[in-house]
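Worksheet: the structure to be examined is printed underneath.
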Ligand SMILES: Cc1ncc(COP(=O)(O)O)c(C=O)c1O
């Protein structure tokens, strides 16, 4: 088969996600939607003392959106909020096509999405999880309230 | 008719973007353009570019003639009575909005009802949602069966004594099914309702005669039928167009203007405010000439052959569901499908890697897909210049998608 963007790392995260599950003790939660693909995820984070101790997502959408969210959680679980935000900034820059070799390595498996920089129509899919995480940190009250509301359901 | 390989090759050679490099199977989104259309537009700008209908010098007169000749070609193409009934717009969407703003807003009131089908493209749904909201009329939806069939009986049942307007597509851009507008328009008229036909997908694939259909309005786009983007048509019965207010106001659509107001010029110019897309109209004229040259017999037969071939092949691929009818005759080259476990955007991206152009998404028909219970689908849409070889390429790609996504089958 020819060169494909759909490499094993990507398809594996899509078909066998490690973090696609409920997270009952999440204290932050936010929904992210990409209307162009119909991708829809709910990101859940458990943050203690400024550190992401656990995370999960639910939802459905194209392989890129789902795998990207899974890779992101692989990367940020166990890190501080600041580190996660820094990595997110690097990821977004990678998608725009401006990162260094070292930065690419820092992203670990998420770096497998580097070719999205040549696929403008898929950028929104790739960044959906990351944007949603950024939004959680930008407006923690809202994300905390959503997590609270989800617990009551 | 006996279609030879030579005829197929000749037709393909007419289209500069059709080659073995990639298989263009997104014809319902927009068709490819034959060289004669591209040349006609080029010639317009090279030899007679001037603002039509305004200048009193030679090339402006030529531009005007070319523009009005195109109108006559369209009139003949769809069998309208007079060129006054042919309004040039940008596309089907604008044509439908014209009817919504200029007819519906002025003629509907609370208590009236509009009937549209759930099959409609957003362009034949949102204008009527707007008109209903603004006038207080009620918007009713007609639901076909899951294969997309609308029988005479379903149609009659969906009408009420208050239905004043029925808006319906001639050919569905998702299911590929053709609807019997002639019968439905007759029933609607019997109840005192007007009938708007959306011809965006039908005009490229079958001969249309608006007088035979007896629809009151009929909208279509040039770009789906070999012509350039940015030129579309609204057909309207003269008695209706006459009584309607203009859609847009400005230059070239008035007789007299004072500081108090204006009197509108005669049809169809009343609806063509501002500088028109004469180059586009000339391109549409060339596209119609090309249709006439190739002939409907060739086009319809070839498209049916290709549809049959594609439907047969697609049935052999596991994990695929095709929307709409099982019969190739009811698809008109449009095959919308889903692949278990693979998202349409990933399908389209992988097919692109294989040099196959298909459309993924909701096809501007979200309510229809919701009704069918599929949020997203992929569509392969064929044109008469496609080939069995291109379909093979599509099927080959289709057969590998699940393995490429990591599924263990095959
Ligand atoms: C059935 C139908 N109606 C209307 C339209 C709108 O056409 P346009 O975008 O050219 O205005 C389309 C185009 O996809 C269509 O398929």
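Chains as they are written, first to last, in my numbering: chain A, 1 to 153; chain B, 1001 to 1410. Glycine included, C-beta positions come from ideal geometry on N, C-alpha and C.
Own chain, CB closer than 8 Å to residue i, minus 5 neighbours either side, in chain order
i, result
"residue 10 of chain A", "63, 64, 67, 112, 113"
"residue 1134 of chain B", "1105"
"residue 1277 of chain B", "1088, 1090, 1230, 1231"
"residue 127 of chain A", "68, 91, 92, 95"
"residue 1289 of chain B", "1036, 1073"
C-beta contact flag for residue i and residue j at 7 Å
i, j, result
"residue 1268 of chain B", "residue 1087 of chain B", "yes"
"residue 58 of chain A", "residue 108 of chain A", "no"
"residue 26 of chain A", "residue 44 of chain A", "yes"
"residue 1143 of chain B", "residue 1118 of chain B", "yes"
"residue 1188 of chain B", "residue 1166 of chain B", "yes"
"residue 1031 of chain B", "residue 1224 of chain B", "yes"
"residue 1220 of chain B", "residue 1302 of chain B", "no"
"residue 1226 of chain B", "residue 1287 of chain B", "yes"
"residue 1228 of chain B", "residue 1283 of chain B", "yes"
"residue 1353 of chain B", "residue 4 of chain A", "yes"
"residue 1265 of chain B", "residue 1253 of chain B", "yes"
"residue 1236 of chain B", "residue 1085 of chain B", "yes"
"residue 1158 of chain B", "residue 1359 of chain B", "no"
"residue 1175 of chain B", "residue 1148 of chain B", "yes"
"residue 1308 of chain B", "residue 1336 of chain B", "no"
Beta-carbon proximity list for residue i, same chain, < 6 Å, skipping 5 on both sides
i, result
"residue 1121 of chain B", "1173, 1364, 1365"
"residue 14 of chain A", "63, 66, 67"
"residue 1306 of chain B", "1382, 1386"
C-alpha gap between residue i and residue j, whole angstroms
i, j, result
"residue 1092 of chain B", "residue 1200 of chain B", "6 Å"
"residue 1344 of chain B", "residue 1324 of chain B", "17 Å"
"residue 1178 of chain B", "residue 1331 of chain B", "8 Å"
"residue 1184 of chain B", "residue 1152 of chain B", "7 Å"
"residue 78 of chain A", "residue 1355 of chain B", "42 Å"
"residue 23 of chain A", "residue 150 of chain A", "10 Å"
"residue 1155 of chain B", "residue 1181 of chain B", "11 Å"
"residue 1018 of chain B", "residue 93 of chain A", "37 Å"
"residue 1123 of chain B", "residue 1096 of chain B", "7 Å"
"residue 1059 of chain B", "residue 1036 of chain B", "22 Å"
"residue 1196 of chain B", "residue 1098 of chain B", "12 Å"
"residue 1402 of chain B", "residue 1395 of chain B", "13 Å"
"residue 1392 of chain B", "residue 1127 of chain B", "40 Å"
"residue 1291 of chain B", "residue 1212 of chain B", "20 Å"
"residue 6 of chain A", "residue 87 of chain A", "23 Å"
"residue 1210 of chain B", "residue 1080 of chain B", "6 Å"
"residue 145 of chain A", "residue 30 of chain A", "9 Å"
"residue 1001 of chain B", "residue 1007 of chain B", "12 Å"
"residue 1111 of chain B", "residue 1145 of chain B", "28 Å"
"residue 140 of chain A", "residue 46 of chain A", "12 Å"
"residue 115 of chain A", "residue 1361 of chain B", "22 Å"
"residue 1192 of chain B", "residue 1161 of chain B", "8 Å"
Residue i beta carbon near ligand 1 (any heavy atom closer than 6 Å)
i, result
"residue 1169 of chain B", "yes"
"residue 1201 of chain B", "yes"
"residue 1091 of chain B", "yes"
"residue 1198 of chain B", "yes"
"residue 1331 of chain B", "no"
"residue 34 of chain A", "no"
"residue 1173 of chain B", "yes"
"residue 1362 of chain B", "no"
"residue 1031 of chain B", "no"
"residue 1221 of chain B", "yes"
"residue 1121 of chain B", "yes"
Identity of the residue in the options nearest residue i by Cα
i, options, result
"residue 41 of chain A", "A:47, A:32, A:48", "A:32"
"residue 1348 of chain B", "A:135, A:105, A:121", "A:121"
"residue 1242 of chain B", "B:1161, B:1231, B:1251, B:1216", "B:1216"
"residue 1107 of chain B", "B:1211, B:1084, B:1076, B:1244", "B:1244"
"residue 1071 of chain B", "B:1322, B:1204, B:1233", "B:1233"
"residue 1375 of chain B", "A:118, A:70, A:38", "A:38"
"residue 1040 of chain B", "B:1281, B:1240, B:1077, B:1407", "B:1281"
"residue 1062 of chain B", "B:1311, B:1077, B:1045", "B:1045"
"residue 1270 of chain B", "B:1257, B:1249, B:1261", "B:1249"
"residue 1218 of chain B", "B:1370, B:1400, B:1078", "B:1078"
Contact set for residue i: own chain, Cβ-Cβ below 7 Å, skip 5 residues either direction
i, result
"residue 142 of chain A", "none"
"residue 1 of chain A", "With a pLDDT of 44 at residue 1 of chain A, under the threshold of 50, the modelled position of this residue cannot be trusted, and the question is left open."
"residue 1064 of chain B", "1052, 1053"
"residue 1034 of chain B", "1014, 1015, 1226, 1290"
"residue 132 of chain A", "30, 32, 41, 43"
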